[in-house]
Amino acid sequence: MINGNDEPQRQIVPAGPKPPVRPAVLLQGLLWTALGAALSSYLPYLGVFLLAYGMRELLEAKKGKGLCAGLGVCVLVFAAACAWDFIFALSLVPVFVCAAGISWCMWRGRANVTAVCIVIVVASLLSLGIDATIASMSGMSLSKSFVALLQEAVRSAVGSDIQGDLLVSQVMPLLRVIWPFVYVASAMFDALVAGIGSYTMSVRCTGIRRMPQIANFDAPMWCVGVLALCILGLGASFADIPQPQLLRTVCASALASLRVVFALQGFGVVSALEAKRHMGCLTRFVTTFLTVWLEAMFFAMCIVGLIDIWANFRGLAREQARVEKAKQ
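All residue numbers for the sequence shown refer to our numbering, where the first residue is 2 and numbers rise by one.
1. What is the DSSP secondary structure of residue 144, reduced to helix, strand or coil?
2. Would you identify the three-state DSSP class for residue 219, choosing helix, strand or coil?
3. Where does residue 278 land, buried or exposed, given buried means 16+ other C-beta within 10 angstroms?
4. Buried or exposed, going by whether 16 or more other CB atoms sit within 10 Å of the CB of residue 8?
5. Does the distance from the C-beta atom of residue 264 to that of residue 231 stay below 7 Å?
6. Which complete alpha helix (DSSP H) runs does the region 256–323 hold, if anything under 4 residues is left out?
7. Within the same chain, show all residues whose beta-carbon is closer than 7 Å to that of residue 68, passing over the 5 residues directly before and after it, in chain order.
8. Between which residues of its own chain and residue 317 is the CB-CB distance below 7 Å, once the five residues before and five after are set aside?
9. With a threshold of 8 Å, are at least 3 pairs of Cβ atoms found where one atom belongs to the region 32–39 and the other to the region 74–94?
10. Using beta-carbon positions only, say whether residue 22 and residue 208 come within less than 7 Å of one another.
11. Quick check on DSSP: helix, strand or coil for residue 156?
12. In or out: residue 174 buried (at least 16 other Cβ within 10 Å) or exposed?
13. Among 206, 189, 228 and 94, whose alpha-carbon lies nearest the alpha-carbon of residue 79?
14. Is the beta carbon of residue 125 closer than 7 Å to that of residue 185?
15. Give me, in chain order, the residues of the same chain whose beta-carbon lies closer than 8 Å to that of residue 152; leave out the 5 immediate sequence neighbours on both sides.
16. The ligand GDP heavy atoms versus the CB of residue 249: any closer than 6 Å?
17. In the DSSP assignment, the alpha helix (DSSP H) including residue 205 goes from what residue to what residue?
18. Between the C-alpha atoms of residue 193 and residue 163, what's the straight-line distance to the nearest angstrom?
19. Out of curiosity, what's the CA-to-CA distance linking residue 333 and residue 200?
20. Out of 283, 254 and 310, point me to the one whose CA is closest to residue 270's CA.
21. Taking the beta carbon of residue 85 as the centre, do at least 16 other beta carbons fall within 10 Å, making it buried, or is it exposed?
22. Taking the alpha helix (DSSP H) that residue 103 falls in, what are its first and last residues?
23. Just how far apart, CA to CA, sit residue 259 and residue 224?
24. Buried or exposed: residue 11, going by 16 or more other Cβ atoms within 10 Å of its Cβ?
25. By DSSP, does residue 174 sit in helix, in strand, or in coil?
26. Suppose the cutoff is 6 Å on Cβ atoms and the five residues either side in sequence are ignored; what does the same chain contact list for residue 234 look like?
Shown next, in the form of structure tokens:
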């Protein structure tokens, strides 16, 4: 393939023919949404995929009214689940919100970092609030019961020998602080699967393959402000203040969540460098392996991503985008 500068574009796998366009059908969207809502608890990721797949078809067919129809189907599934088990029905609500939010953002073309983070935060807070309410109704503390569950899971994974006891004693203090991050991570995976489902339906309805590239990932500046507040709050949690453990847990969980954002920023820098240098498959594999190892061991990609917000290693048109947004 030749671009506007008459330079050949290297492709590992040919794009292939343009996929056939099939118009969105309201009834099919309702059926996919109902099936995804029903499967969301039994087969979580398949259910989320089908839920977002159906909601995107409803959006393509009837726009905002289609999404309202999809939410109506979710309400009916929720009511049916309440008749069987109310607690089971409550667990479906965050999944419905996540799939609807991601589908709406992608349909509007505004699935940026801020919008996706808002959807993930809302879904994780809903899930956390529902579990906390259920625990309090049972006379238990969510944090204590959840930490005990995590300890049992870690114990079963590492064994009961001396080495396992040492590993548990090292890991549990950290888990007691960042246990809410489990809810955020679960919402992140739901949002990822919902995004795949929405994208798949978009390609079917429009024929346009516009796959997001990690090389274009750009975290907004507010992430730095939240990072600074979390560091300050984490330091204040060791002072003599009311509810220091709560503040420490909130700040540590937020830091763990921000690590994902900054790590993606760092991987975006590496991916852009690989494309610029026209690295081959083997070189990219080795580079990816090394960057993942460096991130797991030394937070290297987080540091690169944090620096890139100011340094702009990839030369992204950030100022121009801000000016255009201000004009709008």
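C-beta: ideal position from N, C-alpha, C; glycine also.
For this structure:
1. Of the three classes helix, strand and coil, the one that applies to residue 144 here is helix, per DSSP.
2. coil
3. Counting the other CB atoms within 10 Å of its CB gives residue 278 a total below 16, which places it among the exposed residues.
4. For residue 8, the pLDDT reaches just 42, beneath the cut-off of 50, and the residue's location in the model is therefore unreliable, although a value from the coordinates is still provided. When all chains shown are included, residue 8 counts as exposed.
5. no
6. The qualifying runs are 282–299 and 301–312.
7. Here the set comprises 56, 59, 60, 101 and 105.
8. 219
9. yes
10. A contact, by the Cβ cut-off of 7 Å.
11. DSSP places residue 156 in the helix class (H, G or I) of the three-state scheme.
12. exposed
13. 94
14. yes
15. 169, 173 and 176
16. No copy of the ligand GDP appears in this structure; indeed no ligand is present at all.
17. It spans 182–207 - the alpha helix (DSSP H) in which residue 205 sits, taken as one unbroken run.
18. So the two alpha carbons sit approximately 39 Å from each other.
19. The question about residue 333 has no answer here: the residues shown for the chain are numbered 2 through 329.
20. 310
21. exposed
22. 94–109
23. Going by the C-alpha atoms only, they are around 7 Å apart.
24. Annotation note: pLDDT 48 at residue 11 (below 50); position unreliable, no value reported.
25. helix
26. 248 and 252
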